[in-house]
Amino acid sequence: MGRLLPVVLSALLAWIAVTAQALQSCGRSNYDPSQYTCFDDDFLCPIVNGDVLIRCGEACYSTSRFSCSNFTLKPFFPDGPATLQDCGFFIKFDPSFFVCLDGDFICPITNGVAMLKCDQTCYAPAEFGCALNQLYPVGTPPPTCVPEFGDDEVCDENGCFTLPCCGDLISVADKCRDRCMLAPETCPDAHA
Numbered sequence: 002m003g004r005l006l007p008v009v010l011s012a013l014l015a016w017i018a019v020t021a022q023a024l025q026s027c028g029r030s031n032y033d034p035s036q037y038t039c040f041d042d043d044f045l046c047p048i049v050n051g052d053v054l055i056r057c058g059e060a061c062y063s064t065s066r067f068s069c070s071n072f073t074l075k076p077f078f079p080d081g082p083a084t085l086q087d088c089g090f091f092i093k094f095d096p097s098f099f100v101c102l103d104g105d106f107i108c109p110i111t112n113g114v115a116m117l118k119c120d121q122t123c124y125a126p127a128e129f130g131c132a133l134n135q136l137y138p139v140g141t142p143p144p145t146c147v148p149e150f151g152d153d154e155v156c157d158e159n160g161c162f163t164l165p166c167c168g169d170l171i172s173v174a175d176k177c178r179d180r181c182m183l184a185p186e187t188c189p190d191a192h193a
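As numbered in the numbering used here, residues 2 to 193 make up the sequence shown, in order.
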């Protein structure tokens, strides 16, 4: 048993490294590029049954069902009109394909399951979790600290509390920042 433990630990660490390498960064979220597309370096849209959803304002849409004009979705109805619902000021959606979250954000319904919101993206809850407004793959631990530019103050009905910033980041104006960017003279590599 004593010899088996190092082998199991090595295999586990190798699996974690391979899993981490497959994910890419989009803003504050990590994502699998085979399941999501990153827009403007900070907005994720899912790929649903091979259909790459495109960004329109703060929503993702299928080009086979909608068009986007001035950040407003306009539906295609090849089989006749449908009843659309409002989600915020600029978004109208078909509730058989989408769900409205937080009153102004839509996420698609895939195989009968509504995707959930994490920060400014939608995700499949069977594949990902959301903690600290960051996506993480199911089966891996959620993030325990706030990355650079992330909000480190969270408020709910019980009040506000501060989350820890990752690594050497410091909290400035409720955001985690790199101290070397704010005060370069305090960093070891600062040039006089």
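Note that CB positions come from ideal geometry on N, CA and C, so glycine has one too. For clarity, every value in this text was computed on a predicted model and none was experimentally measured.
| Query | Result |
| --- | --- |
| Tell me where the alpha helix (DSSP H) around residue 180 begins and ends. | 180-183 |
| If contacts are defined as beta-carbon pairs under 8 Å, then residue 74 and residue 46 qualify, I think. What distance do you get, rounded to the angstrom? | Residue 74 to residue 46, Cβ: 13 Å. No contact. |
| On the three-state DSSP scale, how would you describe residue 186? | helix |
| Have a look at residue 178 and residue 150 and give me their C-alpha separation to the nearest angstrom. | 6 Å |
| My output table needs one value for residue 23: the three-state DSSP class, helix, strand or coil. | helix |
| Helix, strand or coil: how does DSSP classify residue 84 here? | coil |
| In its own chain, which residues sit with a C-beta less than 6 Å from the C-beta of residue 27, not counting the 5 before and 5 after it? | 39, 45 |
| Are there three or more Cβ pairs, one per stretch, closer than 8 Å when the segment 164-183 is compared with the segment 139-149? | yes |
| Suppose the cutoff is 7 Å on Cβ atoms and the five residues either side in sequence are ignored; what does the same chain contact list for residue 89 look like? | 104, 105 |
| Give the DSSP-derived three-state secondary structure of residue 10 in the structure shown. | The pLDDT assigned to residue 10 is 47, lower than 50, so where the model puts this residue is not dependable; a value taken from the coordinates is nonetheless given after this. Helix, per DSSP. |
| What residue range is occupied by the uninterrupted beta strand (DSSP E) comprising residue 66? | First-last for residue 66: undefined, no H or E at that position. |
| What did DSSP end up calling residue 149 once you bin it into helix, strand or coil? | coil |
| Among 145, 144, 129, whose alpha-carbon lies nearest the alpha-carbon of residue 138? | 129 |
| What distance in whole Å lies between the Cβ atoms of residue 116 and residue 127, which are believed to be in contact at a cut-off of 8 Å? | Not confirmed; about 10 Å, so no contact. |
| Determine the DSSP secondary structure at residue 175, reduced to helix, strand or coil. | coil |
| From residue 30 to residue 53, what distance separates their C-alpha atoms? | 18 Å |
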